[in-house]
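Undergrad:
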Amino acid sequence: KPNAAAAGGAAGPMVRPCPGRVRHFKI
Amino acid sequence: APPGAVPGYREPPCDDPETETVAMAAVKYLNENLLQGYKQILNQIDKVKVWPRRPFGEVYELEIDTLETTCHVLDPTPLENCSVRQLAEHAVEGDCDVHVLKQDGQLTVMHANCHSTPDSAEDVLKICPHCPLLASLNDTRVTHAAEAALAAFNAKNNGSYFKLVEVSRAQLVPLPVSTYVEFAVAATSCAAKDVADPASCQLLAEKQYGFCKATLTEKLGGEEVAVTCTVFPSQVADANPADPAAAVQAAPSAAPPAAMAVGPIV
Numbered sequence: 220k221p222n223a224a225a226a227g228g229a230a231g232p233m234v235r236p237c238p239g240r241v242r243h244f245k246i
Numbered sequence: 077a078p079p080g081a082v083p084g085y086r087e088p089p090c091d092d093p094e095t096e097t098v099a100m101a102a103v104k105y106l107n108e109n110l111l112q113g114y115k116q117i118l119n120q121i122d123k124v125k126v127w128p129r130r131p132f133g134e135v136y137e138l139e140i141d142t143l144e145t146t147c148h149v150l151d152p153t154p155l156e157n158c159s160v161r162q163l164a165e166h167a168v169e170g171d172c173d174v175h176v177l178k179q180d181g182q183l184t185v186m187h188a189n190c191h192s193t194p195d196s197a198e199d200v201l202k203i204c205p206h207c208p209l210l211a212s213l214n215d216t217r218v219t220h221a222a223e224a225a226l227a228a229f230n231a232k233n234n235g236s237y238f239k240l241v242e243v244s245r246a247q248l249v250p251l252p253v254s255t256y257v258e259f260a261v262a263a264t265s266c267a268a269k270d271v272a273d274p275a276s277c278q279l280l281a282e283k284q285y286g287f288c289k290a291t292l293t294e295k296l297g298g299e300e301v302a303v304t305c306t307v308f309p310s311q312v313a314d315a316n317p318a319d320p321a322a323a324v325q326a327a328p329s330a331a332p333p334a335a336m337a338v339g340p341i342v
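In order, the protein sequence lines correspond to chains A and B. The first sequence runs 220 to 246 under our numbering. The second sequence runs 77 to 342 under our numbering.
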């Protein structure tokens, strides 16, 4: 399997930029 | 641009302070331009793309979710002081696509398109099995309840005769059999005590609106109505509230006009 670091991938947990946080509640 | 060239855009995180500032400006614009219903509050930023704009500035393309508050759009209460409509009251969500231009530090809403959807009956009844659901505003029981409540309010009112502006929300309650309505009203040039022909009563030049909550309960041999109205201070005429090119400042709002600084009358 390709090495993530060698492939330029980030080693840390993936941050999902969107959608953002729910401020109240979802319906 | 040369054929086939796709101009690049950037995608900042949805919870980035810069994205949030733009989303808040968009919600402010929406509330300033809503003509009916309730003020909206930001719930979630779904997507954001930022496009370069020639010769200057950037255009934010946002998808945002809003929720209905309990403040009617004619209510001068600042949005920060408005409560979110809770699930048990049958919440309503708004899905909005907005385009906001940022240039020289100023945010201008160029386009806004929202669709509102009430929560599903299934979801409401899941958290509150006996809660009444939203009723159609065209239902004859709803229109009758609003008209009867407004008549009761005018009968007890020593000031202006108020006309119905819109029924904004209604629920049919099974037990006791009753209809709950919320509606907006406006003061007219007629005195409530001596109205001969309501059709001839004109709205005041300096608009004075009110918001009423009422319950009409069906009783044996008749009906009983309970109504509470909050009459807002007179509003100075707005230059052009529906102007789509109106700039929305990201900075906090200026102080309200003097005519709105007075508290509401219940």
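All residues carry an ideal CB built from backbone N, CA and C; glycine is no exception.
1. I need the DSSP call for B:GLU282, collapsed to helix, strand or coil.
2. Using the C-alpha atoms, what's the distance from B:ASP270 back to B:ASN428?
3. Considering only residues of the same chain and omitting the five flanking positions on each side of B:ALA197, which have a CB-CB separation below 7 Å?
4. Any C-beta of chain A sitting closer than 7 Å to the C-beta of B:GLN66?
5. Buried or exposed: which applies to B:ASP151, given that a residue is buried once 16 or more other Cβ atoms fall within 10 Å of its Cβ?
6. Quick check: the Cα distance between B:ASP91 and B:ASP122, rounded to an integer number of angstroms?
7. Given that B:GLN120 touches chain D, what residues does it touch there, using C-beta distances under 8 Å?
8. What residue range does the alpha helix (DSSP H) around B:TYR105 cover?
9. Nearest-angstrom Cα distance between B:PHE238 and B:VAL307?
10. Could one say the Cβ of B:VAL160 lies closer than 7 Å to chain A's Cβ atoms, at least one of them?
11. Determine, using beta carbons only, whether B:PRO131 comes closer than 7 Å to chain A.
12. Near B:SER236, what residues of its chain come up, given a Cβ to Cβ distance below 8 Å and the 5 sequence neighbours on each side ignored?
13. Output yes if chain A places a C-beta closer than 7 Å to the C-beta of B:CYS90; else output no.
TA: Quick look at the numbers:
1. coil
2. Within the shown structure, residues of chain B are numbered from 77 to 342, placing residue 428 of chain B beyond reach of any answer.
3. The beta carbon of B:ALA197 lies closer than 7 Å to those of LEU209 in the same chain, with the five residues before and after it left out.
4. Residue 66 of chain B lies beyond the residue range present for chain B, which begins at 77 and ends at 342; the question has no answer from this structure.
5. buried
6. 10 Å
7. Checking the listed chains, one finds no chain D in this structure; the protein chains it contains are A and B.
8. 93–109
9. 10 Å
10. yes
11. No, no contact with chain A.
12. ALA263, THR264, SER265, CYS266, ALA267, ALA268, LEU280, GLN284
13. yes
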